[in-house]
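Protein chains in written order, with the working numbering: chain R, -15 to 246; chain P, 14 to 87.
Quick reminder that beta carbons are idealized off the backbone N, C-alpha and C, glycines included.
To start, the structure itself, in structure tokens.
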């Protein structure tokens, strides 16, 4: 970054945190910013998609129902069944919504003109992860009893007696604080970093090809544009992966609350 | 009532165990580091002996890995 700043004598400024500080869309309504608008739009997209895919199902699926069923089967076979077994079908509504919701949030990062990944504001992943966390604790206490839940969590069977003193605190901290924290942060950090990387390569390309076009600078600009395109491809993959992981971890937490680990 | 009895154990539980272990490891290791590394850091502050912090971190990681091994390893 430093080297670039020196090369472009009058101040190339790398994009930074200001990318995420967006003004209200309607002045005066401070809560209504771009991420909020995109989150609302995403909800609408997911609802409309599921409605048109599953609202009037045919025995032989065609068109959008086909696409929807692919998504459903993916979530069921890769996310729900491995962790929930015979309970999988009961939780498909939540898991499918989570998966599609997070994926569309993330996709907003590469859709031209919208170009802002909703989850790069950590409040959004916190709400989803927090909801899953509450569900997890509620189900754990319901299915294992309020005391049994913590007992099963902190004292997994099969360990030598004395060692519980050392390991029980790790279990408690891991399950109650670190797990929900990383659940939200993993999604947030990936989207945040991805957005900065895309903005950086685009900014460098724009600077060297349009703002300060020089024979020496042009190749740097071209490399940068190529990188921006390549990174967009990588982002598409990461966006899908993070949506998948988010739903997968939700399924895992729910599964562990329904049946104690052993 | 809570813990699953032996008869209830189905073959697919083994796959579930593996996935559980794989996704729990980072969280356990992080917890081990925070807990015992933090304890070591406090000990270092009180005693002035700097070496307690890295010892605590290592003990935390070892305990976390041991926990995962005993829970899922066999």
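- Linking residue 88 of chain R to residue 146 of chain R through their CA atoms gives a straight-line distance of about 48 Å.
- Between the stretch 199 to 210 of chain R and the stretch 123 to 140 of chain R there are fewer than three inter-stretch CB-CB distances shorter than 8 Å, so the stretches are not counted as touching.
- One finds nothing in chain R with a Cβ atom closer than 8 Å to the Cβ of residue 86 of chain P; even the nearest lies about 10 Å away.
- Shown here, residue 179 of chain R sits in a helix according to DSSP, grouped into three states.
- Three or more beta-carbon pairs separated by less than 8 Å link the stretch 78 to 92 of chain R to the stretch 26 to 40 of chain R, which places the two stretches in contact.
- DSSP places residue 11 of chain R outside both helix and strand once states are collapsed to three, so it counts as coil.
- Between residue 36 of chain P and chain R, the shortest Cβ-Cβ separation is below 8 Å.
- Separation of the CB atoms of residue 135 of chain R and residue 237 of chain R is rounded to 18 Å, and the pair is thereby denied contact status at 8 Å.
- Taking a C-beta distance under 8 Å as the contact criterion, residue 180 of chain R and residue 22 of chain R do not qualify as a contact pair.
- Take residue 168 of chain R, set aside five residues on each side of it, and the residues of its chain with a beta-carbon closer than 8 Å to its own are 106, 109, 110, 112, 113, 114, in chain order.
- By the neighbour-count definition (other C-beta atoms within 10 Å, threshold 16), residue 58 of chain P is an exposed residue.
- Taken through DSSP and simplified to helix, strand or coil, residue 63 of chain P comes out as coil.
- In this structure, DSSP gives residue 196 of chain R a state outside helix and strand, which the three-state scheme calls coil.
- Annotation for residue 171 of chain R: 103, 109, 226, 230 place their beta carbon closer than 6 Å to its own, counting only its chain and skipping 5 residues before and after.
- Chain-ordered, the chain R residues with CB closer than 7 Å to the CB of residue 41 of chain P read 154, 158.
- For the C-beta of residue 174 of chain R, not a single chain P residue is nearer than 9 Å; the gap to the nearest is close to 14 Å.
- Three or more Cβ pairs closer than 8 Å define a contact, and the stretch 154 to 169 of chain R meets that threshold against the stretch 36 to 51 of chain P.
- Judged by DSSP in its simplified three-state form, residue 17 of chain R adopts coil rather than helix or strand.
- One Cα belongs to residue 83 of chain P, the other to residue 14 of chain R, and the distance between them is close to 52 Å.
- Spatial neighbours of residue 65 of chain P in its own chain (CB-CB distance under 7 Å, excluding positions within 5 residues in sequence) are listed in chain order as 53, 56, 57.
- Burial of residue 133 of chain R is indicated by the presence of at least 16 other C-beta atoms within 10 angstroms of its C-beta.
- A check of alpha carbon separations from residue 86 of chain R across R:240, R:174, R:182 identifies R:174 as the nearest.
- Here residue 35 of chain R is exposed. Its C-beta has fewer than 16 other C-beta atoms within 10 Å.
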